[in-house]
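Peer 1: Once you've had a glance at the structure underneath, I'll fire off some questions.
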Amino acid sequence: PFQALVLSRPLDRASIAMAAVVGGPGDPAGAAPDSTASRDLLRKLQLPSGSIDVPICESILTKEVRLILSIDGSEMSMTALAFVTEGVMQHDKATFVEVLHIYDESKDHLPVHCQKVALMATCDAIMTGSVSAHRYQLNWVQRKGAGTTGQQICDAIRTLPADYICMGFYGLKGKKDYTDIMGTKLSTNVFNALHHGNGCSVICIKDEILGLLPLKEKQATFVVSVTLSKSSTKAFLDALRLSKAGDAIHVVYVGRTRSDNYVWEPAADEPRDFAAETRAKYESFISSLQDEAEPIFSRFRDRKLKFVLLSPDQGETLARSVVRYADEVNADFVVVGANASDRVARGKTPVGSVSLQMCFLTSRNFIVANWIDVSLRVYDQTVMSSRDQKA
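All letters in the sequence shown, in the order written, are residues 1 to 391 by the working numbering.
Here's what the structure looks like:
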């Protein structure tokens, strides 16, 4: 019942690195290709597990990006505004941004620059001075009631629908408005964005000083934590898409953790060498970016990419290993993956505990790359058909 996907070109290095097995005619639409039969076929074809179909990869890297920028006038949100307008929108001309502000009419005590009229004037002036009018819109929405801001942000994500949401780690209330999760005070709005359970990736800005951002000629460094999962593949693709020429992307694999508290233990008795498989997968993909015969992937050959097999210190958790490495290379972003729909279907939270630990422990900006697993048929019926209609 399973078949290898039919590519529009020969099975080259990039295809081998990123191709996935999709369901046959008897497959329920959208079913994840994780059965024993699909894994057996992956081994037979020598294709790696945890990969995303090549046409979908290419779409992620080329389609028009729809990004929501949640803003409230706080320092972190204004830094996020600068990152989007002076960074992402300048080097990626296929980006459309909705600047979203949820306001409360009763809060007349806010600083003038944070009140809805003044904030709208500021944002409109910045956007007008940065990009053409057809590449953005302002969406000022009245809050429906106490504690509804996070949900209204999630509603906006679904309405656009957004590929990314960019927001500050804390809002105007700072640590006063937070959700306590895993012992960390997390902004309630960020908590809602991380747990909305759809395919929108979250870009969270912790920098409060504009000069810390990798804007214009300043090169950025992304540290991407990977395993053999598809959500890790999506994290790598998001780092590629959000990077610019000359930026460094470090693909970091720490290895398997086999205890409940995620403390490193050698996996000597594992029948598979996950480190070797992960290295082969990403080094093959990285090398394909230099292949001029690749019409899409070769567009990113001006990035500085490297695969890092990280050895953790004794007793060090996986999350702390990645955070330590990010500090050593002075990273601007830590990027992790999340398979929201699959985790929710199994009764879990949309973002895994290890990924959340990395985001909380690091002082760096972070990106949670959300992935929803679909078959090629579902992809053709949604993404491809909508693109054809626009054309």
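From the three backbone atoms N, C-alpha and C, an ideal C-beta is built for every residue, glycine too.
Assuming Trp-371 contacts Gly-337 (C-beta within less than 8 Å), just tell me the rounded distance between them.
Peer 2: 6 Å
Peer 1: Please look up how many angstroms separate the CB atoms of Ser-231 and Ala-369, rounded, as I've assumed it's under 8 Å.
Peer 2: 7 Å
Peer 1: Would Ile-205 and Gln-152 qualify as a contact pair, given that the criterion is a beta-carbon distance under 8 Å?
Peer 2: no
Peer 1: Is it buried or exposed, Asn-330, if we count other Cβ atoms within 10 angstroms and call 16 or more buried?
Peer 2: exposed
Peer 1: Out of Met-127, Ala-146, Leu-305, which one is the CA nearest neighbour of Gln-137?
Peer 2: Met-127
Peer 1: Along the chain, where does the alpha helix (DSSP H) containing Cys-57 start, and where does it finish?
Peer 2: Where Cys-57 is concerned, the enclosing alpha helix (DSSP H) starts and stops at 54 to 62.
Peer 1: So within the region 73 to 138, which uninterrupted alpha helix (DSSP H) runs reach at least 4 residues, ignoring any that extend past its ends?
Peer 2: Taking only runs of at least 4 residues, the alpha helix (DSSP H) segments lying wholly in the region 73 to 138 are 75 to 82, 116 to 130.
Peer 1: Would you kindly work out how many angstroms separate the C-alpha atoms of Thr-278 and His-134, rounded to a whole number?
Peer 2: 41 Å
Peer 1: Give the DSSP-derived three-state secondary structure of Cys-154 in the structure shown.
Peer 2: helix
Peer 1: Just verifying my parser: in three-state terms, what is the DSSP assignment at Ile-286?
Peer 2: helix
Peer 1: Assuming Ser-70 and Leu-100 make a contact with CB atoms under 8 Å, what is their CB distance in whole Å?
Peer 2: 5 Å
Peer 1: Which of helix, strand or coil does DSSP assign to Gln-357?
Peer 2: helix
Peer 1: Thinking C-beta only, is Ser-225 closer than 8 Å to Val-88?
Peer 2: no
Peer 1: Exposed or buried, Arg-320, counting other C-beta atoms within 10 Å across all chains shown (16 or more means buried)?
Peer 2: Under this definition Arg-320 is a buried residue.
Peer 1: Apply the 10 Å Cβ neighbour rule to Leu-289 and answer buried if 16 or more other Cβ atoms are within range, or exposed otherwise.
Peer 2: The Cβ neighbour count for Leu-289, taken over all protein chains shown within 10 Å, is at least 16; the residue is labelled buried.
Peer 1: Suppose contacts are defined by Cβ-Cβ distances below 8 Å. Is Glu-217 in contact with Leu-160 by that definition?
Peer 2: Contact: no.
Peer 1: Do you know how far the Cα of Arg-241 is from the Cα of Met-78?
Peer 2: Pairing Met-78 with Arg-241, the inter-Cα distance amounts to about 22 Å.
Peer 1: Counting along the chain, where does the alpha helix (DSSP H) carrying Lys-230 start and finish?
Peer 2: 230 to 242 is the span of the alpha helix (DSSP H), which, as asked, contains Lys-230.
Peer 1: Please report the Cβ distance between Asn-192 and Gly-171, rounded to the nearest whole angstrom; I am assuming they are in contact, meaning their Cβ atoms lie under 8 Å.
Peer 2: That pair is no contact at about 12 Å.
Peer 1: Spatial neighbours of Asp-72 within its chain, please: C-beta separation below 7 Å, excluding the five flanking residues on both sides.
Peer 2: Counting only Cβ-Cβ distances below 7 Å, and skipping sequence neighbours, we find His-101, Cys-114, Gly-171, Leu-172.
Peer 1: Return the first residue and the last residue of the alpha helix (DSSP H) that Tyr-325 is part of.
Peer 2: 318 to 328
Peer 1: With DSSP as the reference, label Thr-362 as helix, strand or coil.
Peer 2: coil
Peer 1: DSSP has Leu-67 in a bridge; who is on the other side?
Peer 2: Answer is Val-97, Tyr-164, bridged to Leu-67.
Peer 1: With a threshold of 6 Å on Cβ separation, who are the neighbours of Ala-118 within its own chain once the five nearest residues in sequence on each side are excluded?
Peer 2: Once the five neighbours on either side are set aside, the close Cβ partners of Ala-118 are Val-112.
Peer 1: Going by CA-CA distance only, name the one from Asp-124, Tyr-282, Asp-291 that's closest to Ile-52.
Peer 2: Tyr-282
Peer 1: Can you give me the Cβ contacts of His-91 inside the same chain, cut-off strictly under 7 Å, excluding the 5 residues immediately before and after it?
Peer 2: Lys-244
Peer 1: Which value, in whole angstroms, describes the spacing of the CA atoms of Glu-75 and Ile-286?
Peer 2: 36 Å
Peer 1: Where do the ends of the beta strand (DSSP E) carrying Val-223 lie?
Peer 2: 221 to 225
Peer 1: How many Å lie between Ile-16 and Val-223 at the Cα?
Peer 2: Its pLDDT being 40, under 50, Ile-16 is placed unreliably by the model, and nothing is read from it.
Peer 1: Taking DSSP as the reference, what is the three-state secondary structure of Ser-201?
Peer 2: strand
Peer 1: Beta carbon of Phe-366: closer than 7 Å to some heavy atom of the ligand GTP?
Peer 2: You won't find the ligand GTP in this model; it holds no ligand whatsoever.
Peer 1: Are Ile-296 and Glu-58 closer than 8 Å when you measure CB to CB?
Peer 2: Cβ atoms of Ile-296 and Glu-58: closer than 8 Å.
Peer 1: To the nearest angstrom, report how far apart Lys-234 and Leu-310 are at their CA atoms.
Peer 2: Between the alpha carbons of Lys-234 and Leu-310 lies a distance of about 20 Å.
Peer 1: Whole angstroms is fine: what's the gap from Leu-81's alpha carbon to Thr-317's?
Peer 2: 34 Å
Peer 1: CA-CA distance, Leu-305 and Thr-148?
Peer 2: 41 Å
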